[in-house]
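Since the structure comes first, as structure tokens, the remarks are kept for the end.
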Amino acid sequence: MNPGDEPSYPDYGDTGHTRTRLPEGDPYGGAPRRTPRRSSPRSLVTVVGVVVLLIAAIAFANRTDHSSTNGSTTKGSESQTSPTAPTGTHPVQTKTGTIPSGFAHTEQGAQSAAANYAVALGSAEMFDITTRHEIIDTVYARDVATTRQTAMDSAYSNAKFLSNIGLAKDGTAPKGQTFVSRAIPVGTKATAYGTDTATVEVWYTSLFGLSGNASTNPVTESWFTTTYQLTWVDNDWKITDFQQKDGPVPVGRDQTASTSEDMTKAVEEYGGFTYAR
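Reminder that position 188 of the sequence shown reads as 188 in the UniProt record's numbering, one-by-one numbering, no gaps.
In structure tokens, the structure reads:
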């Protein structure tokens, strides 16, 4: 569910969605660790999977040819592919702002669009009003973009929500801390496909929180599946609606959470993906 669809938000600190194993004491030092509590299954990536959304690493269709045969994979050829192997054709060559665009008018093109749009909708840029409007105008069909924008502006400017996740009223992180919000797609599946419509499921993991010595909301991991309804308009795939649910969630390994310094360094050095499938 989009954060803009819900008038009030659950306290992010109470979501209990993280699968990260934390060391004894506060992983970032300072304030004592808060005990996770179970609450609504709609955590932040409900808010940031906007969030809709999601993506990260795959590769895809060439803008130069939108024919139904170019860049597509037949059901027969897909069945010959290992289920764990990455699939996809050459990536598109164009962007609208920072978001890939010009996806192939094929089933695979719809999957690629859904994955890339999820990444954009799940990014930290959604917390800035200017970049948020640019993202919404790019990924949504024109007839729903205005409604989406109004709903999301209300969601992302909610003072209680921002306070719960440790951000200032303008959506910025406290001095000395780094805000992390990333959606990383693991895979996509088209459950329905027509000439100009498609339903695509995107399974992804999300990183969300504040990295810094004084953070009381350390970066945590959650898993979601978002189903997008897409339509072919203006020579590209655009979102018209979506639904989101938790999981599937893998069993967490017995790994110690990284220090604040290591997490901040990783976020700064490892840029997020700009193209998927």
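Note that beta-carbon positions come from the ideal geometry of N, C-alpha and C, so glycine has one too.
| Item | Value |
| --- | --- |
| Rounded separation between G122 and N235 - CA only | 24 Å |
| Residue burial classification, Y140 (beta-carbon count within 10 angstroms, cutoff 16) | buried |
| K265 versus S154 - alpha carbon distance | 32 Å |
| 8 Å contact criterion, which L162 and F179 should meet: CB distance rounded | Actually they are not in contact, since the Cβ atoms of L162 and F179 sit about 11 Å apart, beyond 8 Å. |
| Distance between beta carbons of T188 and Q111, contact taken as under 8 Å | 4 Å |
| Contact check, A190 vs T199, beta carbons under 8 Å | yes |
| Q229 - DSSP class collapsed to helix/strand/coil | strand |
| Own chain residues within Cβ distance below 7 Å of V186, not counting five before or after | W203, Y204 and T205 |
| Contact under 8 Å by Cβ, A210 with N217 | The amino acid at residue 210 is misidentified as Ala; the sequence shows Leu. Closer than 8 Å, so yes. |
| Whole runs of the alpha helix (DSSP H) within the segment 236-269, excluding any shorter than 4 residues | 260-269 |
| Separation of Y117 from I58, as counted between CA atoms | Low confidence applies here, because I58 scores a pLDDT of 30, under 50, leaving its location unreliable; read the following figure in that light. Taking the straight line joining both Cα atoms gives about 13 Å. |
| Among V267, D254, T259 and W237, nearest to Q108 - alpha-carbon criterion | W237 |
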